[in-house]
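Some notes on the structure that comes next.
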Amino acid sequence: MKYTLALTFCLVFSMGFSQDSYDSLWKEVETLEKEGLTQSALKKVQFIASKAEKENNKVQRIKTLLYESKYALVLEEDAQLSIANNFKKRIENSVSPEKNMLQNLLANLYWQYFQQNRYRFYDRTNTAEKVDDTDFRTWDLETLFGEIDSLFKASLKNEKTLQAIDLSTIKELLIIKEGSREFHPTLYDFLSHNALNFYQTDESSITQPAYKFEIDNPDYLCQAEMFSKMVLTSEDSTSTLLQALKIYQNLTQFHLNDKSPEALTQLNIERLRFVKQNARFDAVDSLYLETLQNEKNKFNDPNNIAPYDFEIAYLYYQQGHQYTEETPEHRWKLKEAIEICNRVMANAPKTTAAKNCESLKMQIEQVSLQVQAENFIPVQQHSRVLVTYKNLPSLEFKIYEFSKNQEKKLNEIHDKKEQLKLFNSLKIQEQWTATLPNEGDFQLHTTEVVLPQLPHGTYLVLAKQDNDTFGFKTLQVTSISMTKTDVQDTVIYQFLDRTSGVALSGVKATVTYQEGYNEKPKSQNLTSDTNGNIFFKKNSKYYYNVRVQANHENETAYFNDGYIYGRNQAERETTNYQGFLFTDRSIYRPGQTVYFKGITLKTENKTSEVLPKESVYGLLYNVNGEEINRLELVTNEYGSVSGEFILPNDGLTGQFRIRLLGKKHTLNNS
Numbered sequence: 004m005k006y007t008l009a010l011t012f013c014l015v016f017s018m019g020f021s022q023d024s025y026d027s028l029w030k031e032v033e034t035l036e037k038e039g040l041t042q043s044a045l046k047k048v049q050f051i052a053s054k055a056e057k058e059n060n061k062v063q064r065i066k067t068l069l070y071e072s073k074y075a076l077v078l079e080e081d082a083q084l085s086i087a088n089n090f091k092k093r094i095e096n097s098v099s100p101e102k103n104m105l106q107n108l109l110a111n112l113y114w115q116y117f118q119q120n121r122y123r124f125y126d127r128t129n130t131a132e133k134v135d136d137t138d139f140r141t142w143d144l145e146t147l148f149g150e151i152d153s154l155f156k157a158s159l160k161n162e163k164t165l166q167a168i169d170l171s172t173i174k175e176l177l178i179i180k181e182g183s184r185e186f187h188p189t190l191y192d193f194l195s196h197n198a199l200n201f202y203q204t205d206e207s208s209i210t211q212p213a214y215k216f217e218i219d220n221p222d223y224l225c226q227a228e229m230f231s232k233m234v235l236t237s238e239d240s241t242s243t244l245l246q247a248l249k250i251y252q253n254l255t256q257f258h259l260n261d262k263s264p265e266a267l268t269q270l271n272i273e274r275l276r277f278v279k280q281n282a283r284f285d286a287v288d289s290l291y292l293e294t295l296q297n298e299k300n301k302f303n304d305p306n307n308i309a310p311y312d313f314e315i316a317y318l319y320y321q322q323g324h325q326y327t328e329e330t331p332e333h334r335w336k337l338k339e340a341i342e343i344c345n346r347v348m349a350n351a352p353k354t355t356a357a358k359n360c361e362s363l364k365m366q367i368e369q370v371s372l373q374v375q376a377e378n379f380i381p382v383q384q385h386s387r388v389l390v391t392y393k394n395l396p397s398l399e400f401k402i403y404e405f406s407k408n409q410e411k412k413l414n415e416i417h418d419k420k421e422q423l424k425l426f427n428s429l430k431i432q433e434q435w436t437a438t439l440p441n442e443g444d445f446q447l448h449t450t451e452v453v454l455p456q457l458p459h460g461t462y463l464v465l466a467k468q469d470n471d472t473f474g475f476k477t478l479q480v481t482s483i484s485m486t487k488t489d490v491q492d493t494v495i496y497q498f499l500d501r502t503s504g505v506a507l508s509g510v511k512a513t514v515t516y517q518e519g520y521n522e523k524p525k526s527q528n529l530t531s532d533t534n535g536n537i538f539f540k541k542n543s544k545y546y547y548n549v550r551v552q553a554n555h556e557n558e559t560a561y562f563n564d565g566y567i568y569g570r571n572q573a574e575r576e577t578t579n580y581q582g583f584l585f586t587d588r589s590i591y592r593p594g595q596t597v598y599f600k601g602i603t604l605k606t607e608n609k610t611s612e613v614l615p616k617e618s619v620y621g622l623l624y625n626v627n628g629e630e631i632n633r634l635e636l637v638t639n640e641y642g643s644v645s646g647e648f649i650l651p652n653d654g655l656t657g658q659f660r661i662r663l664l665g666k667k668h669t670l671n672n673s
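Mapping of the sequence shown onto the numbering used here: residues 4 to 673, in sequence order.
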């Protein structure tokens with residue numbers, strides 16, 4: 004569990020002063036802030052800071068520093084630099100434990116700044132020295148992460164002192180989540196978990212080569228007592244994974260002999276999750292499950308067993324979502340998870356684990372429904388809709404007659420109740436009830452439901468269980484089909500009989516479009532020739548909202564073509580996708596292994612975010628730009644990938660190149 008912090012987070016260690024006078028002053032600050040008087044609030048904070056300095060009240064000194072930083076972000080341009088410099092000055096003039104707290108805060112400030120400005124740092128190359136030693140915003144990635152690492156490590160020194168400080172002494176500066184106090188009882192716990200937020204993030208190790216320390220030993224998934232005695236060493240002393248394990252080990256040793264098991268249990272579970280997530284060995288799930296079961300078997304009290312049972316239930320939940328026809332062993336895992344959740348909720352109802360189980364059970368039991376069908380189906384012929392569903396025994400189907408005006412109105416409605424109100428106003432063409440296969444496995448299933456024969460027209464198919472669970476699909480029943488061929492200055496639309504494929508001549512077609520996104524719609528009336536073709540001449544402009552209405556004999560069909568590129572006009576991307584690569588060195592010999600890491604980003608309006616679960620290729624090119632090897636990769640939840648290539652011993656030597664190629668998006672700068 005984490006503490007939610009009033010600002011970024013607030014840390015103090017001793018409250019040897021009467022707080023009454025400070026409380027009244029802070030209420031004045033709060034009132035001024037609510038009234039939007041930021042400058043006046045800042046002056047009041049500065050008065051409190053002066054008072055705290057005279058009285059050597061470290062609690063209030065840190066609190067005022069945080070509030071001064073908060074208001075600086077509102078009142079000053081580029082305030083981050085002045086805030087960081089203020090922290091540095093305080094650190095120089097402080098001693099433990101106040102110094103530890105400030106170092107931890109400054110490390111978090113740097114880390115948060117990076118998260119908000121990723122794209123700036125990924126565009127920079129490494130430098131031997133900081134571009135500006137006093138301005139962290141100019142540093143390269145390796146320098147910034149090195150500084151964060153150094154500050155976090157320094158903040159955990161003097162651990163005996165920090166372990167002796169009960170977190171309850173700083174409760175006035177923390178927003179404490181209910182039930183979390185028992186998990187992080189001391190200042191040492193608190194600072195350590197703040198550091199873990201950095202070290203556990205894969206992105207924090209992006210500047211390190213992929214051959215460095217890895218969690219490749221199954222023993223890391225051992226029970227707490229064994230883990231506390233493990234020797235954690237590696238030639239890679241800079242590894243963030245290794246540093247995270249060391250922090251977990253220090254915390255485990257600290258809490259191993261606690262009278263109450265709550266802190267150790269939570270810590271143990273967090274460590275096991277971390278190892279599982281980063282493991283580079285086989286049979287991870289089975290080892291993880293075995294350790295959870297062994298740990299819970301040490302207890303008789305259901306309240307102590309409950310946290311481990313929830314983790315087991317959640318593992319089954321994850322495995323249940325991996326179910327396919329090729330993995331039948333996972334089919335009933337969701338049902339097993341439900342059974343464990345029911346047991347926890349019955350035996351330990353007041354625990355956090357019970358609340359988590361209740362939430363997990365609701366997710367598993369949640370119903371879902373999706374209806375898919377062809378946009379066009381032949382006249383007076385049976386067709387099918389594909390129903391994808393979960394936890395539904397049956398569905399009521401209705402087919403409504405549906406006009407284009409009603410379709411336009413539906414597209415403007417997003418509220419479910421309003422959608423149902425519209426549906427109820429429509430004329431019903433057909434209705435029936437379909438029973439769905441449901442064996443109680445809580446899995447997602449698909450089935451096909453046969454639609455009755457329908458005359459030509461536009462319809463809406465509604466599948467409904469109740470007012471909250473329904474799916475719908477609009478479709479046209481028509482004998483007219485249309486194909487499109489786009490050439491340099493012309494778009495050719497061809498109309499064919501949907502069943503026989505015979506060209507339809509004499510089709511009266513109206514092509515409606517906009518030559519600019521905000522321009523008024525225009526239209527052209529065209530008639531198909533003996534080959535069923537009409538020819539739409541285009542200029543250099545971009546055509547938006549292109550629609551084709553086709554009339555043939557007594558039938559009308561509507562086709563949405565979306566857009567048409569003008570002559571010589573290329574598609575413009577408004578969103579930029581980038582891939583960045585890092586290798587462990589710059590010069591290699593033939594036959595050597597090149598270890599690389601990559602990060603993928605999506606940048607829009609100067610704001611970037613990582614691309615998780617993105618399928619990419621890692622490509623190796625020789626000096627002639629010829630591809631000589633490739634890896635198929637998927638980014639993790641932090642948007643990063645890693646891999647290795649062995650450079651050939653024979654063939655061309657010279658400069659080799661590695662790049663990332665996105666399957667879905669074009670990745671620049673890679």
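Note that CB positions come from ideal geometry on N, CA and C, so glycine has one too.
Just so you know, these numbers come straight off a predicted model, no measurement behind them.
Expected contact under 8 Å - CB spacing of residue i and residue j to nearest Å
{"i": "L634", "j": "G621", "result": "4 Å"}
{"i": "E150", "j": "Y113", "result": "6 Å"}
{"i": "I356", "j": "P310", "result": "The sequence given here has Ala at residue 356, not Ile. Right, the Cβ-Cβ distance comes to about 5 Å (below 8 Å), so this counts as a contact."}
{"i": "L154", "j": "I168", "result": "19 Å between Cβ atoms; not a contact."}
{"i": "L429", "j": "E404", "result": "7 Å"}
{"i": "L463", "j": "T477", "result": "5 Å"}
{"i": "S263", "j": "N161", "result": "The pair is not a contact, with the Cβ atoms about 25 Å apart (cut-off 8 Å)."}
{"i": "V287", "j": "V382", "result": "About 56 Å; that fails the 8 Å criterion."}
As assigned by DSSP and simplified to three states, the class of residue i
{"i": "M233", "result": "coil"}
{"i": "W435", "result": "strand"}
{"i": "T533", "result": "coil"}
{"i": "L507", "result": "coil"}
{"i": "E522", "result": "coil"}
{"i": "R662", "result": "strand"}
{"i": "N441", "result": "coil"}
{"i": "E298", "result": "helix"}
{"i": "I631", "result": "strand"}
{"i": "D564", "result": "strand"}
{"i": "E640", "result": "coil"}
{"i": "Q106", "result": "helix"}
{"i": "S428", "result": "coil"}
{"i": "A512", "result": "strand"}
{"i": "K407", "result": "helix"}
{"i": "Y718", "result": "The chain is shown only over 4 to 673; residue 718 falls outside these bounds and no answer can be derived."}
{"i": "F193", "result": "helix"}
{"i": "Q269", "result": "helix"}
{"i": "I168", "result": "coil"}
{"i": "V278", "result": "helix"}
Residues of its chain near residue i, where Cβ-Cβ distance is below 6 Å and the 5 sequence neighbours each way are ignored
{"i": "N350", "result": "P305"}
{"i": "Q375", "result": "L389"}
{"i": "Y74", "result": "T41 and L45"}
{"i": "T513", "result": "S526, N528 and Q552"}
{"i": "Y52", "result": "Note that residue 52 corresponds to Ala in the displayed sequence, not to Tyr. For A52, where only same-chain residues beyond five positions count, the Cβ hits under 6 Å are T67."}
{"i": "Y70", "result": "V48"}
{"i": "L28", "result": "I51"}
{"i": "K605", "result": "Y580, E612 and L614"}
Cβ-based neighbour list, residue i, same chain, cut-off 8 Å, excluding 5 preceding and 5 following
{"i": "L244", "result": "Y202, S208, F216, E217, I218 and N281"}
{"i": "F445", "result": "G323, L337, K338, I341, I367, E368, K393 and N394"}
{"i": "R550", "result": "V514, T515, Y516, Y561, F562, N563 and D564"}
{"i": "L109", "result": "A87, F90, K91, I94 and L154"}
Contacts around residue i, its chain only, beta-carbon distance under 7 Å, and the 5 residues preceding and following it disregarded
{"i": "T669", "result": "Y580"}
{"i": "Y157", "result": "Reading off the sequence, residue 157 comes out as Ala, not Tyr. Cβ within range, chain order: Q106."}
{"i": "F226", "result": "Residue identity check: residue 226 is Gln in the sequence provided, not Phe. Excluding residues within five positions, the ones whose Cβ falls inside 7 Å are T294, N297 and E298."}
{"i": "F186", "result": "M4, E265, A266 and Q269"}
{"i": "W335", "result": "D444"}
Any non-hydrogen atom of the ligand ADP within 7 Å of residue i CB
{"i": "T146", "result": "This structure lacks the ligand ADP; in fact it carries no ligand of any kind."}
Handout entry: Cβ contact check for the stretch 293-300 and the stretch 406-416: 3 or more pairs under 8 Å
Key = Segments in contact, no.
Problem - the stretch 488-507 in contact with the stretch 448-464 per 3-pair CB rule at 8 Å - result: no
Exercise for the section: State whether the stretch 416-436 contacts the stretch 486-498, with contact taken as three or more CB pairs (one from each stretch) at a distance under 8 Å. Expected result: no
Problem - Continuous alpha helix (DSSP H) assignments of at least 4 residues falling wholly in the stretch 30-78 - result: Secondary structure in the stretch 30-78: the alpha helix (DSSP H) runs of 4 residues or longer, each lying completely within the stretch, are 41-58 and 61-78 in chain order.
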